[in-house]
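Just below is one structure, and these are the notes that go with it.
There are 2 protein chains.
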Amino acid sequence: MGKGTLGGGGTTMLRRINVASVLDAVRRSAPAPLRVAELVERTGLARPTVAQAVDELLDAGWLQQHGPDSADRSLGRPAIRVSLRGRAAPVLGLDVGPHRVTVGVSDLAGRKLSLVRRSGPGWTAQELLGVISEVINEALAEAEVPAEDIAAAVAASPGIVDEHTGRVQLVPSVPGWPAIDLIKHVRGMLDCPVMLDNDANLAALAIAAARGGTGTLLAVQWGERLGAGIVIDGRLHRGTGAAGEIGFIATDADDVINPDDSRGPLERAVGSEAIAALGRQAALDNPQSRLAELGGDQLDTADVFAAAAERDPVAQAVVQRVARTFARALAPSVLVLDPTAVVIGGGVARAGAVLLDAISDQLRLLTLNHPKLELSALAEDAVVTGAMRMALDEVWQRKLPTPAMTATT
Amino acid sequence: MGKGTLGGGGTTMLRRINVASVLDAVRRSAPAPLRVAELVERTGLARPTVAQAVDELLDAGWLQQHGPDSADRSLGRPAIRVSLRGRAAPVLGLDVGPHRVTVGVSDLAGRKLSLVRRSGPGWTAQELLGVISEVINEALAEAEVPAEDIAAAVAASPGIVDEHTGRVQLVPSVPGWPAIDLIKHVRGMLDCPVMLDNDANLAALAIAAARGGTGTLLAVQWGERLGAGIVIDGRLHRGTGAAGEIGFIATDADDVINPDDSRGPLERAVGSEAIAALGRQAALDNPQSRLAELGGDQLDTADVFAAAAERDPVAQAVVQRVARTFARALAPSVLVLDPTAVVIGGGVARAGAVLLDAISDQLRLLTLNHPKLELSALAEDAVVTGAMRMALDEVWQRKLPTPAMTATT
DNA sequence: GTATTTATGAACGCTCGCTATCTATACTGT
DNA sequence: ACAGTATAGATAGCGAGCGTTCATAAATAC
Numbered sequence: 004m005g006k007g008t009l010g011g012g013g014t015t016m017l018r019r020i021n022v023a024s025v026l027d028a029v030r031r032s033a034p035a036p037l038r039v040a041e042l043v044e045r046t047g048l049a050r051p052t053v054a055q056a057v058d059e060l061l062d063a064g065w066l067q068q069h070g071p072d073s074a075d076r077s078l079g080r081p082a083i084r085v086s087l088r089g090r091a092a093p094v095l096g097l098d099v100g101p102h103r104v105t106v107g108v109s110d111l112a113g114r115k116l117s118l119v120r121r122s123g124p125g126w127t128a129q130e131l132l133g134v135i136s137e138v139i140n141e142a143l144a145e146a147e148v149p150a151e152d153i154a155a156a157v158a159a160s161p162g163i164v165d166e167h168t169g170r171v172q173l174v175p176s177v178p179g180w181p182a183i184d185l186i187k188h189v190r191g192m193l194d195c196p197v198m199l200d201n202d203a204n205l206a207a208l209a210i211a212a213a214r215g216g217t218g219t220l221l222a223v224q225w226g227e228r229l230g231a232g233i234v235i236d237g238r239l240h241r242g243t244g245a246a247g248e249i250g251f252i253a254t255d256a257d258d259v260i261n262p263d264d265s266r267g268p269l270e271r272a273v274g275s276e277a278i279a280a281l282g283r284q285a286a287l288d289n290p291q292s293r294l295a296e297l298g299g300d301q302l303d304t305a306d307v308f309a310a311a312a313e314r315d316p317v318a319q320a321v322v323q324r325v326a327r328t329f330a331r332a333l334a335p336s337v338l339v340l341d342p343t344a345v346v347i348g349g350g351v352a353r354a355g356a357v358l359l360d361a362i363s364d365q366l367r368l369l370t371l372n373h374p375k376l377e378l379s380a381l382a383e384d385a386v387v388t389g390a391m392r393m394a395l396d397e398v399w400q401r402k403l404p405t406p407a408m409t410a411t412t
Numbered sequence: 004m005g006k007g008t009l010g011g012g013g014t015t016m017l018r019r020i021n022v023a024s025v026l027d028a029v030r031r032s033a034p035a036p037l038r039v040a041e042l043v044e045r046t047g048l049a050r051p052t053v054a055q056a057v058d059e060l061l062d063a064g065w066l067q068q069h070g071p072d073s074a075d076r077s078l079g080r081p082a083i084r085v086s087l088r089g090r091a092a093p094v095l096g097l098d099v100g101p102h103r104v105t106v107g108v109s110d111l112a113g114r115k116l117s118l119v120r121r122s123g124p125g126w127t128a129q130e131l132l133g134v135i136s137e138v139i140n141e142a143l144a145e146a147e148v149p150a151e152d153i154a155a156a157v158a159a160s161p162g163i164v165d166e167h168t169g170r171v172q173l174v175p176s177v178p179g180w181p182a183i184d185l186i187k188h189v190r191g192m193l194d195c196p197v198m199l200d201n202d203a204n205l206a207a208l209a210i211a212a213a214r215g216g217t218g219t220l221l222a223v224q225w226g227e228r229l230g231a232g233i234v235i236d237g238r239l240h241r242g243t244g245a246a247g248e249i250g251f252i253a254t255d256a257d258d259v260i261n262p263d264d265s266r267g268p269l270e271r272a273v274g275s276e277a278i279a280a281l282g283r284q285a286a287l288d289n290p291q292s293r294l295a296e297l298g299g300d301q302l303d304t305a306d307v308f309a310a311a312a313e314r315d316p317v318a319q320a321v322v323q324r325v326a327r328t329f330a331r332a333l334a335p336s337v338l339v340l341d342p343t344a345v346v347i348g349g350g351v352a353r354a355g356a357v358l359l360d361a362i363s364d365q366l367r368l369l370t371l372n373h374p375k376l377e378l379s380a381l382a383e384d385a386v387v388t389g390a391m392r393m394a395l396d397e398v399w400q401r402k403l404p405t406p407a408m409t410a411t412t
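Order-wise, the sequence lines are chains A and B.
Going by this note's numbering, 46 is the number at position 43 of the first sequence; the sequence numbering is gapless.
Going by this note's numbering, 268 is the number at position 265 of the second sequence; the sequence numbering is gapless.
Following this line, the structure appears as structure tokens:
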């Protein structure tokens, strides 16, 4: 950094671009190590250029050198192979909910270094901050990463999050929640860029990453509340900040949103609470049914799906009704977005094929292109994984210099 | 172009980047001409670099030189000023519908050079091709642009368009429509990249461009049929190819899509035909009303809105019902997309404030963030304008070398 | 043990952009 | 009318980076 060629493009920018190009090539093939010759081929650069870039990246700690692996025996002199040194810039993801705090630490290549969960019976806002600190420290210790090494952190919170101020706008069902300043708290521990985002958004990001780069994904988080994240070609769609709030979709012809109510019509109709309530009612009306047997007095959402899986007609009717309501609510968005896939995660996703097939049948009647309908394979880790993913994106975007022009407004 | 440094990034790429950077700066300030000193400031490059780039661009015909304008008298030697030479790469936009063909030619800076419309009473597919040729030639003549100069062309067609093959998938109400190969026909006349896209998409692109760069736009085209285009931060959202098909949103609790029917439930409920039908029925039921007076036997969509504007309660009830149905259908998508603005264009948009206010009232009851609701200012030219816009984007994307890395998959 | 294959390392020449200097032009003030 | 001054354009020298080429090292196959 001898000369301060601040904004524009000089010859030193060219070097940075090429170094970035090499780093990017290594990243893409992670975790497989690459030979220099392969880098030459993939980047299209000349060998000395690549070699120089590799040296620089090795010095800076972004790459690590592998000894010639015994398995890779070819003719000629064995090649030096390099791969991403994940610990160069580990990132931290944080999933905060009223009843559970999860923290994950990931290395640059996206490998999980640690994952720590802590559940509790509903903390107050003050207690929560203490728990968060503890869990973060545990996760750091397990990953053997010092706090000051963390290059970026992303926290997930329920509710609508203002992307820039990092404040929670719409309140989840915890008193004092919007008052706590998660970003400030985490930044006090980590000294790195800290971002906050909606949990459904982050889950969507994780699922999209697992599915591969392109296409449009609508990822629904379905539990007590209902939210969705939209990922288009790898980028999160935020709208003005409240995109994906499917919980507030009206279900009845006369439904109206009450802004003071923290739950929306669809949540009241098919949230896990509502499903359990429907089940209880059906069990009361049909005391002989398998559903009534299974559930007993404390009939649960899971019981409804279990009974339906056992072909209990009463439970099946409930599932049918839930699926119909959900599909009718979602169909307009599917028509408008025309997503490649719709993935359902969250607690209700554990219902499995019973629910999925019913929704699929309904959705097929209401849409033109029928997107793939799947259950999230990531289960409850989706949100933390997405948080780590977003932190990773942040680090890479900072490191791989987006060529000046595109950024220029 | 001395050495064929094919893919990678050498020193010649650097030059290209800088030239592109200069060109981009000129483009942004179009149509205002720029002094070299201003270019130096905006690009952050050194003066000799800019000077060389300007020379090169002048030689290549992308820039044109202005004499020192008398108005701009400052101290010192008068500066040479350069601006975009629009005719360096003019583009052509084409809007083809069953009853109307519109062709526009635009220069690089987005100035319209010509716009030719031709209406007819429903051509056959074969006649249509002939009409298209004629109108294109007229537009070229009026713009004084030889056909071989056109750098890109985009055609708009109703129906769902496969982005890559350029085939129309879903059939509009013209026999033989999907059989005609618009792209092939136009390419035969122009010898340049020709693309085909959905008309609602292109209208959305035009409206988004008129509104300015960022944000999410949901642009509804509301006529006999209903479609919408989605533009996110200047980029069109296509989904798997059929995004924005709001015409197929179900309106009644028992609606189901019939894939063989070319019109969807919402179109049957609130398309301009349906509005007119509702009006006729209301007039029959209330022969004394202003609506019945206005419309007479041949009651029209426009009559309904005219009567409503004159505060005829019968017509107002019809408008209210249409607005309610439309808002209920659109609300879920507004919740999911959370757009910055919803703009309504197409024939029904001529209804004006009467309809808009009614929709706005309904939508306010059903969404969290209330997007701006507006009527399209572009009226019937939206589609051609969008087609030209997209052709322009294509030209610029080809000319401003997207730096290798971002493009690499 | 020799030949072959593959990867590494160093030296040369090219192009490009930046800094600094010089020249050209027109307005302004006396 | 003439000199002063301020701004813009043209030119030369410097430094940095990339690409090409040649020589060298290491391991495998015959």
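Quick reminder that beta carbons are idealized off the backbone N, C-alpha and C, glycines included.
Note to self: Beta carbons nearer than 8 Å to chain B: which residues of the region 354 to 381 of chain A have them?
What the structure shows: L368, L369, T370, L371, N372, P374
Note to self: For the region 326 to 341 of chain A, list every residue whose C-beta sits within 8 Å of some C-beta in chain B, in sequence order.
What the structure shows: R331, A332, L333, A334, P335, S336, L338, V339, L340, D341
Checklist line | Chain-ordered chain A contacts of B:G17 [CB-CB under 9 Å] | finding: First, the residue type needs correcting, since residue 17 of chain B is Leu and not Gly in the sequence shown. Those are G12, G13, T14, M16, L17, I20, listed as they occur along chain A.
Margin query: Which same chain residues end up closer than 7 Å to A:A91 when comparing Cβ atoms and leaving out the 5 residues on each side of it in sequence?
Written below: G64, W65, L111
Notebook entry, point to check: The alpha helix (DSSP H) spanning A:V119 covers which residue range?
Noted result: Premise fails: A:V119 lies in the beta strand (DSSP E), 115 to 122, not in any alpha helix (DSSP H).
Notebook entry, point to check: Who are the Cβ neighbours of B:R353 in its own chain at under 6 Å, not counting the five residues just before and after it?
Noted result: none
Check: Grouping DSSP H, G and I as helix and E and B as strand, with all else coil, what is A:I278?
Finding: helix
Item checked: DSSP beta-bridge partners of A:A200 -> The sequence given here places Asp at residue 200 of chain A; Ala does not occur at that position. DSSP, once it has assigned bridges, lists A:A159 as partnering A:D200.
Item checked: Supposed contact pair A:G107 and A:S117 - C-beta distance, whole angstroms, cut 8 Å -> 7 Å
Next item on the list: Could you tell me whether the region 78 to 90 of chain B touches the region 34 to 44 of chain B, where touching means 3 or more Cβ pairs closer than 8 Å?
Entry: yes
Notebook entry, point to check: chain B partners of A:H240, CB-CB under 7 Å?
Noted result: I235
Item checked: Cα-Cα separation, B:T388 to B:G70 -> 32 Å
Next item on the list: Kindly say whether A:E248, judged by its beta-carbon, lies nearer than 7 Å to any beta-carbon of chain B.
Entry: yes
Notebook entry, point to check: Which residues mark the beginning and the end of the alpha helix (DSSP H) in which A:G348 is found?
Noted result: That residue, A:G348, is in no alpha helix (DSSP H); its beta strand (DSSP E) goes 344 to 348.
Checklist line | Residue-level contact to chain B via CB, A:F308, 7 Å cutoff | finding: no
Next item on the list: Could you please give the first and the last residue of the uninterrupted alpha helix (DSSP H) stretch that includes B:L368?
Entry: That residue, B:L368, is in no alpha helix (DSSP H); it is neither H nor E in DSSP.
Next item on the list: Output the boundary residues of the alpha helix (DSSP H) element that contains B:G107.
Entry: No alpha helix (DSSP H) contains B:G107, which is instead part of the beta strand (DSSP E) from 103 to 109.
Next item on the list: Check each candidate in A:S109, A:I249, A:A209, A:R103 and name the one with the smallest Cα separation from A:G125.
Entry: A:R103
Notebook entry, point to check: Looking at chain A, which residues of the region 269 to 290 of chain B have a Cβ within less than 8 Å of any of its Cβ atoms?
Noted result: none
Note to self: Run through chain B and tell me which residues come within less than 7 Å of A:A245, C-beta to C-beta.
What the structure shows: D341, L371, N372
Checklist line | Pairwise C-alpha distance: A:F329 and A:G274 | finding: 10 Å
Check: How would you list, in chain order, the residues of chain A whose beta-carbon sits under 9 Å from the beta-carbon of B:A92?
Finding: Those within 9 Å of B:A92 in chain A number zero; the least Cβ separation is about 19 Å.
Note to self: Between the alpha carbons of B:V148 and B:G96, how many angstroms are there, rounded?
What the structure shows: 14 Å
Notebook entry, point to check: Thinking C-alpha only, which one of B:L302, B:D27, B:V22, B:E276 is nearest B:A56?
Noted result: B:V22
Note to self: Distance check for B:L61 and B:A231, CA to CA, integer angstroms please.
What the structure shows: 41 Å
Check: Are the C-beta of A:I260 and some C-beta of chain B separated by less than 7 Å?
Finding: yes
Margin query: For B:I210, would you say it is in contact with chain A, using Cβ-to-Cβ distances shorter than 7 Å as the test?
Written below: no
Margin query: Tell me the rounded alpha-carbon separation between B:A334 and A:E41.
Written below: 52 Å
Checklist line | Three-state class that DSSP yields for B:A380 in the structure shown | finding: coil
Next item on the list: From the DSSP output, read off the bridge partner residues of A:V234.
Entry: A:L220, A:L239
Item checked: Best match in A:N372, A:R331, A:L229, A:D303 for proximity to A:D255 [C-alpha to C-alpha] -> A:R331
Notebook entry, point to check: In terms of residue numbering, what span does the beta strand (DSSP E) encompassing A:H69 cover?
Noted result: 66 to 69
Note to self: Can you find the residues in the same chain that come closer than 7 Å, C-beta to C-beta, to A:R45, ignoring five residues on each side of it along the sequence?
What the structure shows: A28
Next item on the list: List the residues of chain A whose Cβ lies closer than 9 Å to the Cβ of B:I252, in chain order.
Entry: A334, P335, L338, V339, L369
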